Structure formats: C-alpha cells, structure tokens
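In what follows, a structure is listed as structure tokens, so that the remarks can point back to it.
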Amino acid sequence: AARGQEELALKLRDQMREEVAAEMADELGHELRREVAGRCQEAEERAREAEERAEEAELKAEEDYAVMAEEMEERVVAITLEAEERIKELAEANQRLEAQIQGRYM
C-alpha cells in the first residue's frame with residue numbers, strides 16, 4: 013500500500029509539474045504577445061512619423077522650388093527689361109551715327 017501511495021504521489025507531483033509548466037508557458041506566451049504587439053505599435057508610430065516627415069520635406073521642396081522659380085522669373089524679367097533698354101539706347105546711338113554720316117556726305 014505504501015508503494016501505491018508513493019506511485020500516486022509521484023504521479024500527482026508529475027501532473028502538478030506539468031500543470032505549472034503549462035501555466036507558465038501560457039503566461040509567457042501572453043507576455044510575449046503583449047511585447048510583440050507593443051513593439052509593432054511602436055514601429056507603426058515610427059513609420060507614421062517618418063511618413064509625415066517625408067511629406068513635410070516634399071512640401072518644403074515644392075515651396076522652395078516655387079520660390080526659386082519665382083525668383084528666376086523675376087530675374088528673367090529684369091534682364092529682359094535691361095536688354096530692351098540697352099537695345100533702345102543702341103538704336104538711338106545708331107540713328108545719331110547715321111545722321112552724322114549723312115550730314116558729312118551731304
């Protein structure tokens with residue numbers, strides 16, 4: 013009878029070990045899932061932040077391009093006006109020279 017009780021005690025001990033191991037494994041599994049979920053959420057937040065920074069950089073680049081294009085257009089207009097003024101001055105100087113030349117030969 014003592015041997016039967018010893019075997020029963022060993023079986024109960026083994027069963028309790030298995031139950032405790034199963035509970036610990038289950039708890040560890042829950043902890044790991046929570047940790048993985050937290051890390052995934054952090055990664056998603058970092059990805060969203062990176063996407064926002066990329067969008068901001070794209071908008072800034074578009075604004076910078078627009079400003080640069082406007083400045084270039086203003087420079088082109090200024091250069092064109094200056095060139096037109098210079099052409100007008102040269103045309104007037106040319107007319108004066110032609111008048112002087114005609115005056116000498118007439």
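When we follow our numbering, the leftmost residue of the sequence shown carries the number 13, and every step to the right adds one. Just so it is clear, CB atoms sit at the ideal spot from N, CA and C, and this is done for glycine as well. No experiment lies behind these values; they were computed from the predicted model shown.
DSSP places Ala13 outside both helix and strand once states are collapsed to three, so it counts as coil. Glu61 and Met84 have their C-alpha atoms spaced approximately 34 Å apart.
If you ignore the 5 residues before and after Glu56, its C-beta comes within less than 7 Å of no other C-beta in its own chain. Straight-line measurement puts the Cα of Ala90 at about 11 Å from the Cα of Glu97. Between the alpha carbons of Ala59 and Arg45 lies a distance of about 21 Å. Spanning the alpha carbons of Ala66 and Ala78 requires a straight line of approximately 18 Å.
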